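Novice: Following this message is one structure expressed as structure tokens.
Protein chains: 2
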Amino acid sequence: MDQLEIFKALSNKSRLQILSWLKEPEKYFPEQEHADFEKVGVCVGQIQQKCGLTQSTVSEYLGILLKAGLLESTRIGQWTYYKRNEKAFETLSDLVKTTL
Amino acid sequence: MDQLEIFKALSNKSRLQILSWLKEPEKYFPEQEHADFEKVGVCVGQIQQKCGLTQSTVSEYLGILLKAGLLESTRIGQWTYYKRNEKAFETLSDLVKTTL
DNA sequence: TTGGGATATCGGGAAAAATCGATATACATT
DNA sequence: AATGTATATCGATTTTTCCCGATATCCCAA
Numbered sequence: 001m002d003q004l005e006i007f008k009a010l011s012n013k014s015r016l017q018i019l020s021w022l023k024e025p026e027k028y029f030p031e032q033e034h035a036d037f038e039k040v041g042v043c044v045g046q047i048q049q050k051c052g053l054t055q056s057t058v059s060e061y062l063g064i065l066l067k068a069g070l071l072e073s074t075r076i077g078q079w080t081y082y083k084r085n086e087k088a089f090e091t092l093s094d095l096v097k098t099t100l
Numbered sequence: 001m002d003q004l005e006i007f008k009a010l011s012n013k014s015r016l017q018i019l020s021w022l023k024e025p026e027k028y029f030p031e032q033e034h035a036d037f038e039k040v041g042v043c044v045g046q047i048q049q050k051c052g053l054t055q056s057t058v059s060e061y062l063g064i065l066l067k068a069g070l071l072e073s074t075r076i077g078q079w080t081y082y083k084r085n086e087k088a089f090e091t092l093s094d095l096v097k098t099t100l
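Quick note, the sequences are listed as chains A and B, same order. Under my numbering, the first residue of the first sequence is numbered 1, with each subsequent residue one higher. Under my numbering, the first residue of the second sequence is numbered 1, with each subsequent residue one higher.
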């Protein structure tokens, strides 16, 4: 768990927004055909539509959050689904409380 | 408590380092003549020496951490002392756990 | 009230991040 | 094999951050 990398990943309004949407996918995204929110999360295209950023930017941002360990991804067919890694947020919370 | 501002403040190796030093001033800084670590923290000059950055950079960095609410400052004579605002770290920890 | 020391602010050059369009890759369907 | 769709990567431009030196401000002591 690289503190600096995580804080950099969190230093962007759009990325914070994405994380908050992914906290309650059923609230912020329409039904998905091929996969379950709970199991695998939300696909890139859905996230992109809400963001209002280009596909390439959103893909990169998701990569940044993934690399920092805050998201997990699953490829199913032509789609890549992203969901939060809740464990990472708990670990981060503890880190902020005890060692930061 | 502005999430984004806080995460930006934490997105820098030197600033993280400073925060960690200020967690245990007596361990990382020599005795101070004019003030108490517990009460007011450590003065800019001491912090600068450990950083190896210029005086202006360190002053700016402390300002960033102060503005984000992570530090508190006290002016005594010609010195400005900075110490951690532990309450802010607890609040941040909770925020990461519950709302982020 | 003048000089010196501590800190803050200003202006700038270099490095990194944000963000895009274009293109590549990967998979599914026909 | 060819086409279409979803995502990833590349290259480029703009914006932001990093970090410095120079200067200004603030405070103390002589």
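Ideal placement from N, C-alpha and C gives every residue a C-beta, glycine not left out. Here the structure is a predicted model, which means the values were calculated and not measured.
Which same chain residues end up closer than 6 angstroms to residue 35 (chain B) when comparing Cβ atoms and leaving out the 5 residues on each side of it in sequence?
Specialist: Excluding residues within five positions, the ones whose Cβ falls inside 6 angstroms are 76 and 81.
Novice: Please list the segments of the alpha helix (DSSP H) lying wholly inside the region 22-76 of chain A, counting only runs of 4 or more residues, in order along the chain.
Specialist: List check, alpha helix (DSSP H) in window: 25-28, 37-40, 44-51 and 55-67.
Novice: Show which residues of chain A have a CB atom less than 7 angstroms away from the CB atom of residue 3 (chain B).
Specialist: Within 7 angstroms Cβ-Cβ: 16.
Novice: DSSP three-state call for residue 80 (chain B): helix, strand or coil?
Specialist: Strand.
Novice: Under 8 angstroms: do the region 44-56 of chain A and the region 83-93 of chain A share three or more Cβ pairs, one atom per stretch?
Specialist: Too few Cβ pairs lie closer than 8 angstroms, so no.
Novice: Starting from residue 96 (chain A), find everything on chain B with Cβ-Cβ shorter than 7 angstroms and list it in chain order.
Specialist: 89, 92, 93 and 96, listed in chain order.
Novice: Nearest CA to the CA of residue 3 (chain A): which residue from A:84, A:67 and A:17?
Specialist: The shortest Cα separation from residue 3 (chain A) among A:84, A:67 and A:17 belongs to A:67.
Novice: Which first and last residues belong to the alpha helix (DSSP H) in which residue 94 (chain A) is found?
Specialist: Run containing residue 94 (chain A): 86-98, per the alpha helix (DSSP H) assignment.
Novice: Is residue 7 (chain A) near residue 11 (chain B), with beta carbons less than 7 angstroms apart?
Specialist: Yes, these two residues count as a Cβ contact at 7 angstroms.
Novice: For chain A, check one thing: does any of its Cβ atoms lie closer than 7 angstroms to the Cβ of residue 27 (chain B)?
Specialist: Output row for residue 27 (chain B): interface = no.
Novice: Go through its chain and collect everything with a Cβ distance to residue 72 (chain A)'s Cβ below 8 angstroms, but skip five positions before and after it.
Specialist: The answer, listed in chain order, is 41, 66, 82, 83, 84 and 85.
Novice: Quick check: what's the CA-CA separation for residue 106 (chain B) versus residue 43 (chain B)?
Specialist: There is simply no residue 106 (chain B) to check, as chain B begins at 1 and stops at 100 in what is shown.
Novice: For residue 30 (chain A), count neighbouring C-beta atoms within 10 Å of its own C-beta (all shown protein chains included) and say buried if the count is 16 or more, exposed if not.
Specialist: When all chains shown are included, residue 30 (chain A) counts as exposed.
Novice: With a threshold of 6 angstroms on Cβ separation, who are the neighbours of residue 62 (chain A) within its own chain once the five nearest residues in sequence on each side are excluded?
Specialist: So the list reads 82, once near-sequence residues are dropped.
Novice: From this set, A:87, A:15 and A:9, which residue's C-alpha is nearest residue 98 (chain B)'s C-alpha?
Specialist: Of the candidates A:87, A:15 and A:9, the one whose C-alpha sits nearest the C-alpha of residue 98 (chain B) is A:87.
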